[in-house]
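Heads up: the structure comes next, in structure tokens.
Residue numbers (this note's numbering): -18 to 408.
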């Protein structure tokens, strides 16, 4: 059994990687805190709707099936409720599906090893029947309708459909009421067998627990070795560089118009270290340009163009990347025009050295604070593991980014042809 310890003298933190006999990668981040948090996840998300197993032909499954599968795994073969078993141990359990992964988790202050055994057990024992799948369709359909009734969710989903022509990121992670009707036990087992293989998964545990204790639980629950399975090839469509639509609008029950302005990033580095650097660089650039301590926000807020509900964020994976700036405004077009003028102005004058250093210190402080929470550590470590990069590299990469590098990004990323805006107006 392979075992490697990773340490950061700067952060004064460490974690251990174990290659378990079953094929499952295990990551244990010891932390002397009252709460223990664990994630058992698979590299399988809503983007993975077309794939081929071994030498077989590619198959396309219904949108929303990864999320549907997440729901169904909580139902045990004997009909008992998994949440109830976690609750009896004093643990809170949950799960989530995003674009490129599905994760099952728990947090507890006691009985961590028992809860860990429960986590490994229920995720590795799928049980789907026609009756239970039909019942779940109704539950998830209600969840989809709630999303459709949320103006903020609608604005965001409409933005993605404006930015992207073919990339599956443009579709709702939970699917639609129509697509989930096509999900069957046979399809669920097909997806489970393709992606819920232990060498495509990871276990991340953070808290007051030792690597030896985690391995002991894994030894008891998981097979001593994994049967060799055919490889899975994921198939993704080719995405044009241009945005699909520059504007998209709808009307809902809102007091004030909601806007989402997106900037499509077509540069998708295939090397993990290059993705990490680009992610940190654009996040830092956004902090300089759009933080509430910055000039853009202050000017718009003081003029009454925006409210306090103004936010910005950069999302990136191997398959897509985009910026999103969102908020409320009586005049979204004026906000959009002000943004274009502001970007043009900063492009001509350059970034302030003072703002650059201040925002880098803010991000550095946020990085240090992230290690005060077991769930924050575990979720971030999982993301780094699945991306292939190293979590302890962040401070050094952040420190190496230059102002000139960000100014070059400003010219290449914020080009008008990559902008799109989604607006939800009052009925």
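Just so it is clear, CB atoms sit at the ideal spot from N, CA and C, and this is done for glycine as well. Bear in mind that the values here come from a model prediction, so they are computed numbers and not experimental data.
{"Check": "Environment of residue 408 [buried if 16+ CB atoms lie within 10 Å]", "Outcome": "exposed"}
{"Check": "Residue 213 versus 22, 178, 191, 361, residue with shortest Cα-Cα distance", "Outcome": "178"}
{"Check": "Counterpart residues of residue 242 in DSSP-defined beta bridges", "Outcome": "306, 402"}
{"Check": "Beta-bridge partners of residue 7, as assigned by DSSP", "Outcome": "-1, 184"}
{"Check": "For residue 222, the nearest candidate out of 207, 165, 398, 14 (CA to CA)", "Outcome": "398"}
{"Check": "Close Cβ partners of residue 244 (< 7 Å) along its chain, the five nearest in sequence each way excluded", "Outcome": "303, 304, 394, 395, 399, 400"}
{"Check": "CA-to-CA distance, residue -2 to residue 5, given in whole angstroms", "Outcome": "11 Å"}
{"Check": "Beta-carbon proximity check, residue 307 vs residue 240, cutoff 8 Å", "Outcome": "yes"}
{"Check": "Limits of the unbroken alpha helix (DSSP H) element including residue 46", "Outcome": "46 to 53"}
{"Check": "Spatial distance of residue 242 from residue -5 (CA atoms)", "Outcome": "39 Å"}
{"Check": "CB of residue 390 within 8 Å of CB of residue 262, strictly", "Outcome": "yes"}
{"Check": "Residue 358 versus residue 129 - alpha carbon distance", "Outcome": "32 Å"}
{"Check": "Assigned exposure category for residue 88 - 16 Cβ within 10 Å defines buried", "Outcome": "buried"}
{"Check": "Assumed close pair residue 231, residue 135 - CB separation to whole angstroms, cut-off 8 Å", "Outcome": "6 Å"}
{"Check": "Classification of residue 342 by the beta-carbon crowding that lies within 10 angstroms, buried from 16 upward", "Outcome": "exposed"}
{"Check": "Integer Cβ distance of residue 19 from residue 216, believed to fall under 8 Å", "Outcome": "Contact doesn't hold; Cβ gap of about 32 Å is too wide."}
{"Check": "Boundaries (first-last residue) of the beta strand (DSSP E) holding residue -18", "Outcome": "Element bounds for residue -18: n/a, residue is neither H nor E."}
{"Check": "Length at least 3, wholly inside the region 215 to 239: the beta strand (DSSP E) runs in chain order", "Outcome": "228 to 233"}
{"Check": "Reference residue -12, options 350, 9, 403, closest by Cα", "Outcome": "9"}
{"Check": "Classification of residue 174 by the beta-carbon crowding that lies within 10 angstroms, buried from 16 upward", "Outcome": "exposed"}
{"Check": "With 16 other Cβ atoms within 10 Å as the buried cut-off, status of residue 260", "Outcome": "buried"}
{"Check": "Range covered by the beta strand (DSSP E) that runs through residue 34", "Outcome": "31 to 34"}
{"Check": "Per DSSP, the bridge partner or partners of residue 73", "Outcome": "88"}
{"Check": "8 Å contact criterion, which residue 57 and residue 72 should meet: CB distance rounded", "Outcome": "Contact doesn't hold; Cβ gap of about 16 Å is too wide."}
{"Check": "Nearest residue (CA-CA) to residue 202, options 32, 105, 340, 181", "Outcome": "105"}
{"Check": "Inter-stretch contact at 8 Å, needing at least 3 Cβ pairs: the region 108 to 124 / the region 182 to 201", "Outcome": "no"}
{"Check": "C-beta contact flag for residue 266 and residue 344 at 8 Å", "Outcome": "no"}
{"Check": "6 Å CB neighbourhood of residue 86 in its chain, flanking five on each side removed", "Outcome": "20, 75"}
{"Check": "CA-to-CA distance, residue 110 to residue 33, given in whole angstroms", "Outcome": "24 Å"}
{"Check": "Segment limits, beta strand (DSSP E) that includes residue 337", "Outcome": "Looking at the DSSP string, residue 337 is not in any beta strand (DSSP E); the run it does join, the alpha helix (DSSP H), is 334 to 350."}
{"Check": "Residues that DSSP places opposite residue 294 in a beta bridge", "Outcome": "305"}
{"Check": "Reduced DSSP secondary structure (H/G/I, E/B, other) of residue 196", "Outcome": "helix"}
{"Check": "Rounded C-alpha distance that separates residue 329 from residue 293", "Outcome": "23 Å"}
{"Check": "Residue -11 - partner residues in DSSP beta bridges", "Outcome": "-6"}
{"Check": "Contact set for residue 158: own chain, Cβ-Cβ below 6 Å, skip 5 residues either direction", "Outcome": "122, 125"}
{"Check": "Cα-Cα separation between residue 172 and residue 143, rounded to whole angstroms", "Outcome": "29 Å"}
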